[in-house]
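J.: Note that this note's numbering gives residue 47 to position 46 of the sequence shown, counting from 1, and the numbers run on in steps of one. Ideal placement from N, C-alpha and C gives every residue a C-beta, glycine not left out. Given the structure is predicted, the values throughout are model-derived calculations rather than measurements. Questions regarding the structure given below will be posed in turn.
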Amino acid sequence: LYLQSLDADPTTGAAVTGLLEATGMHDATPPASLAALTETGIFAQEPTKKLANRITKLWYTGIYTNEAGAETVATYVDALSWRTLRFTKPRTICGYPGFWAEAWLPGEPIKAPINGM
Numbered sequence: 002l003y004l005q006s007l008d009a010d011p012t013t014g015a016a017v018t019g020l021l022e023a024t025g026m027h028d029a030t031p032p033a034s035l036a037a038l039t040e041t042g043i044f045a046q047e048p049t050k051k052l053a054n055r056i057t058k059l060w061y062t063g064i065y066t067n068e069a070g071a072e073t074v075a076t077y078v079d080a081l082s083w084r085t086l087r088f089t090k091p092r093t094i095c096g097y098p099g100f101w102a103e104a105w106l107p108g109e110p111i112k113a114p115i116n117g118m
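Following this line, the structure appears as structure tokens:
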């Protein structure tokens with residue numbers, strides 16, 4: 002779904018295969034960090050930067066553009082955004098009784114289960 006959405010999007014001006022080649026992902030030693038990825042120059046070129054940002058948006062929101070051009074939810078509960086928000090969880094996932102009344106402290110792991118995370 003995501004790949005089809007990216008390939009059908011003419012606004013990025015770059016293809017996923019081109020992005021993989023530009024970043025060196027097919028090399029024997031692909032970039033192992035964000036700093037190494039930045040050194041490839043993909044964020045300095047507008048087409049590959051737009052494509053990388055679009056991929057990030059897809060991963061974190063779980064929303065893609067379908068063939069009709071409408072935004073469609075591919076996943077809600079498993080979207081990466083929930084893993085970054087340690088103080089909350091998807092509305093469709095319940096915690097144990099009364100977990101919502103407990104104080105949350107930054108840096109403290111969330112106690113309520115989120116799809117095995």
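Determine the contact status of residue 3 and residue 65, defining contact as a CB-CB distance below 8 angstroms.
T.: Yes.
J.: Would you mind working out which of 7, 54 and 26 sits nearest residue 38, comparing C-alpha positions?
T.: Per the Cα distances, 26.
J.: When you compare each of 48, 35 and 6 to residue 14 by their alpha carbons, which one comes out closest?
T.: Ranking the options by Cα distance to residue 14, first place goes to 48.
J.: Can the beta-carbon of residue 24 be found closer than 8 angstroms to that of residue 11?
T.: No. Outside cutoff.
J.: Does the separation of the CB atoms of residue 75 and residue 63 fall below 8 angstroms?
T.: Closer than 8 angstroms, so yes.
J.: Is the beta carbon of residue 20 closer than 8 angstroms to that of residue 45?
T.: It is not a contact, given that the beta carbons lie outside the stated cut-off.
J.: The alpha helix (DSSP H) spanning residue 43 covers which residue range?
T.: Here residue 43 belongs to no alpha helix (DSSP H), and DSSP marks it neither H nor E.
J.: Assign residue 94 to one of three DSSP states: helix, strand, or coil.
T.: Residue 94 falls in the coil class under three-state DSSP.
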